[in-house]
Structures are given as C-alpha cells and as structure tokens.
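Worksheet: the structure to be examined is printed underneath.
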Amino acid sequence: MTSYKELGLVNTKDLFKKAVSGGYALPAYNFNNMEQMQAIIQACVETKSPVILQVSAGAREYANQNLLKNMARGAVEYAHELGYDIPIVLHLDHGGSFEICKDCIETGFSSVMIDGSHLPYDENVALTKKVCEFAHSQKDYVTVEGELGVLAGVEDDVSAEHSHYTQPSEVIDFVGKTKVDSLAISIGTSHGRAKFKPEQCTRNADGILIPPPLRFDILEEVEKKIPGFPIVLHGSSSVPIEYVHMIEKYGGKLSDSVGIPEEQLRRAAKSAVCKINIDSDGRLAMTALIRKVFIEKPDEFDPRKYLGPARAELKKLYAHKNQNVLGSAGQA
Ligand SMILES: [Zn+2]
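To convert, note that position 269 of the sequence shown is 406 in the working numbering; the numbers rise steadily by one, no gaps.
Below, the structure is given as structure tokens:
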C-alpha cells in the first residue's frame with residue numbers, strides 16, 4: 138500500500154480548479170514506456186505545464202503496473218533534474234471495474250477513472266459512487282473521473298460501435314449522487330486515428346477529410362447545469378495530416394485518418410473542459426519517425442537510433458499542444 142504523496146505525485150483537485158478558472162486544459166498523455174514518459178516530461182518541463190500521466194488497461198498489461206508507478210515516481214525526480222518541478226498526476230485511464238481502481242489506488246495512483254458509461258444509467262451511478270467512496274476515504278484523497286455518454290472508436294480495450302452524446306439532463310443527478318471529481322462527456326470526440334467515417338465528413342479542396350464540428354451546444358448545456366465543474370474530453374487527437382503522409386511515404390497505410398481540429402480543442406479548453414486526452418497523435422508521431430529511420434537507414438539496428446528520433450518528435454508535438462492547443466504552458 139503506497140500513497141501517491143510518497144511518490145511526489147498530486148491529485149487533480151487543485152489543478153482542475155485552477156484550469157477551470159484560468160480557461161485552459163491540462164494535458165493527459167498516455168505512456169507505456171520510457172521514451173514516451175521522457176518526451177512527456179521534457180515537453181511539460183520546457184513549457185512549464187502541469188501534466189497528467191495516463192495509464193490505460195493496455196499499458197498495465199504491456200508494461201506492468203508497478204513498473205509504470207515507479208516510472209511516474211522517476212518522472213518527478215526527472216523533472217526536478219531538468220530544472221523545474223511540475224505537478225504530476227498518475228491517472229488510471231478507463232478503469233473497467235471497482236477492483237482495478239482499488240488496485241491502482243493502493244499501488245500509488247493519485248487519480249482514477251471509473252468508466253461505467255456503457256452500463257445502464259443506474260448501474261453507472263452505483264459503480265462510480267462505490268469507487269468515489271473508496272478513493273475519497275483514503276488517507277490522501279484520490280480524485281475520480283466518471284463518464285456519461287459513449288464515445289465511438291477504439292482505444293486499447295475501450296471500444297464502442299456507436300456513440301451517444303451525453304444527456305445534459307442527467308449530469309446534475311450523476312454528479313450529486315456519485316460525488317465524482319470530474320466528468321468525461323461525449324460531444325463528438327472519438328477514440329483512435331480514424332475518428333469519423335468518410336461519409337460523416339466533407340472534403341476540402343485538397344481532398345482532406347473535414348470532420349463534423351464538436352457539439353458545443355451540448356457542452357454549454359452541461360456547463361449551465363453544473364457551473365464550474367471540471368469536464369474531460371477523451372479521444373481528442375487532431376491526427377496531423379503531416380504525420381499521416383509521412384507514415385504513408387515510408388511504407389505505412391492509414392486510410393481515412395481524421396481527428397479533431399486543433400481550433401475546436403482550443404475553444405473547448407477555454408470552457409470548463411480542464412482535461413484533454415491525447416494519445417493517437419503521439420502514436421502517429423513516433424511511428425512516422427521510426428518508419429523514416431527504417432527506410433532511410435536500412436542497416437540501422439540500434440533501437441536508440443530510431444526510438445531517439447521518435448522521442449524527440451513526441452516531445453516537440455507535446456510542447457506544441459501545451460503552448461498552442463491546451464493553454465497549459467506557463468501554468469505550473
Ligand atoms: Zn478515452
């Protein structure tokens with residue numbers, strides 16, 4: 138049993154309060170290995186941004202939960218060594234059961250998501266409430282994210298064939314009954330790199346898919362119901378076309394890739410949305426650079442020679458997100 142405070146981590150409580158009143162969103166970046174963690178910390182130290190390190194079910198399976206916990210502890214020391222102490226949250230992404238959330242809390246996570254969004258409403262309330270009661274009664278308060286509404290797309294083990302938007306009429310009841318600390322809502326973002334089917338989009342003059350806009354009307358309705366309450370957006374990669382083209386140039390094939398335009402995320406970040414989850418963009422950046430090395434230097438076989446450039450690109454991308462999309466730069 139480890140408390141996150143022993144690891145030098147913080148929960149999301151004060152960070153979200155500041156983000157909502159300051160009109161910016163915290164970055165929530167997923168990590169599975171050392172290079173991703175280094176890139177995230179380098180970018181956030183350089184831009185002086187607080188950060189949420191996210192661990193998905195897939196990451197726990199891939200990398201081992203204890204190892205990831207200790208990497209987060211290492212991240213705190215790494216940031217210090219880089220010259221600037223930033224607030225770091227270790228967050229469970231899409232916790233699928235009470236037991237998984239409990240396990241992560243006892244391991245040293247400072248924040249967990251319980252995702253009951255696929256359940257009937259009353260069951261989602263009961264499950265989320267149970268996790269909140271456990272998390273909030275710890276010696277050091279662990280924050281909990283719940284979800285209402287279902288996102289489309291695929292992210293590790295999370296998949297939903299069809300999305301349904303969050304019902305603003307449900308949010309007061311849900312937040313009141315569960316005592317959740319933040320709420321993920323569905324307003325048109327989506328997991329993965331192909332967020333919409335081509336027939337849902339229009340095409341610009343260059344033939345590039347333009348997605349349907351986010352449902353800001355739903356976001357505004359939600360904000361009216363629970364003013365100032367921290368809102369979370371999942372599936373918020375922009376799927377930069379440069380990376381898609383680079384991957385395809387170097388032998389990859391990623392047809393019909395489309396993400397959420399950065400201007401829309403910037404607009405969302407200025408509202409009560411205070412946490413924006415970005416994973417696919419990082420995957421694309423790393424894959425593009427690794428493919429480039431493989432094609433341009435076929436005799437290269439030192440993993441550092443392709444993971445290094447991938448890490449450098451990831452850092453650049455995340456610094457850009459903090460500066461220009463989320464507005465979290467300078468807030469640590
Ligand atoms: Zn998600």
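Each residue gets a CB set at the ideal place from its N, CA and C atoms; glycine is no exception. The structure presented is a predicted model; accordingly, all values stated were derived computationally and were not measured.
> Assuming residue 149 and residue 408 make a contact with CB atoms under 8 Å, what is their CB distance in whole Å?
Replying inline: Contact doesn't hold; Cβ gap of about 17 Å is too wide.
> Since residue 284 is in the beta strand (DSSP E), which residue starts that stretch and which ends it?
Replying inline: 280 to 285
> Which residues does DSSP pair with residue 228 in a beta bridge?
Replying inline: 191, 248
>> The alpha helix (DSSP H) that contains residue 446, what's its start and end?
In response: 440 to 457
>> Assess contact between the region 167 to 179 and the region 207 to 214, defined as three or more Cβ pairs (one per stretch) separated by less than 8 Å. Is contact present?
In response: yes
> Smallest Cα separation from residue 381: which of 141, 426, 358?
Replying inline: 426
>> Given the structure, does residue 230 come close to ligand 1, in the sense that its CB is under 7 Å from one of the ligand's heavy atoms?
In response: yes
> Can we count residue 414 as close to ligand 1, meaning its CB is less than 7 Å from some heavy atom?
Replying inline: yes
>> Going by C-alpha to C-alpha distance, which of 162, 222, 179, 229 sits closest to residue 116?
In response: Nothing can be reported for residue 116: it is not among the residues displayed for the chain, which extend from 138 to 469.
>> So the candidates are 158, 188, 151, 147; which of them puts its Cα closest to the Cα of residue 167?
In response: 188
> Nearest-angstrom Cα distance between residue 394 and residue 334?
Replying inline: 9 Å
> With 16 other CB atoms within 10 Å as the buried threshold, where does residue 220 fall?
Replying inline: exposed
>> Can you tell me whether residue 255 sits near ligand 1, meaning its C-beta is under 7 Å from at least one heavy atom of the ligand?
In response: No, Cβ of residue 255 sits at least 7 Å from all heavy atoms of ligand 1.
> Can at least three beta-carbon pairs, one atom from the region 307 to 326 and one from the region 362 to 371, be found at a separation below 8 Å?
Replying inline: Enough Cβ pairs lie closer than 8 Å, so yes.
>> Within the continuous beta strand (DSSP E) that includes residue 411, where are the two ends?
In response: 410 to 415
> Nearest to residue 239 by alpha carbon, out of 457, 268, 383?
Replying inline: 268
>> Restricting to Cα atoms, I'd like to know which of 304, 466, 154, 255 is closest to residue 280.
In response: 154
> Do residue 371 and ligand 1 come close, with the Cβ less than 7 Å from some heavy atom?
Replying inline: yes
>> At 3 residues or longer, what runs of the beta strand (DSSP E) sit wholly inside the region 345 to 424?
In response: 368 to 370, 410 to 415
> With respect to 7 Å, is the separation between the Cβ of residue 328 and the closest non-hydrogen atom of ligand 1 below this value?
Replying inline: yes
>> Could you pull the DSSP bridge partners for residue 301 from this structure?
In response: 287
> Within 10 angstroms of its Cβ, does residue 328 collect 16 or more other Cβ (buried), or is it exposed?
Replying inline: buried
> Taking buried to mean at least 16 other C-beta atoms within 10 Å of its own C-beta, is residue 332 buried or exposed?
Replying inline: buried
> In chain order, what residues of the same chain lie with their CB nearer than 8 Å to the CB of residue 242, ignoring the 5 residues before and after it?
Replying inline: 249, 271, 272, 275, 279
> Which of the three DSSP states, helix, strand or coil, is assigned to residue 203?
Replying inline: helix
> Quick one, are the C-beta atoms of residue 374 and residue 330 less than 8 Å apart?
Replying inline: If you check the CB distance, residue 374 and residue 330 come in under 8 Å.
> So does the region 299 to 312 actually touch the region 334 to 347, counting three or more Cβ pairs closer than 8 Å?
Replying inline: Too few Cβ pairs lie closer than 8 Å, so no.
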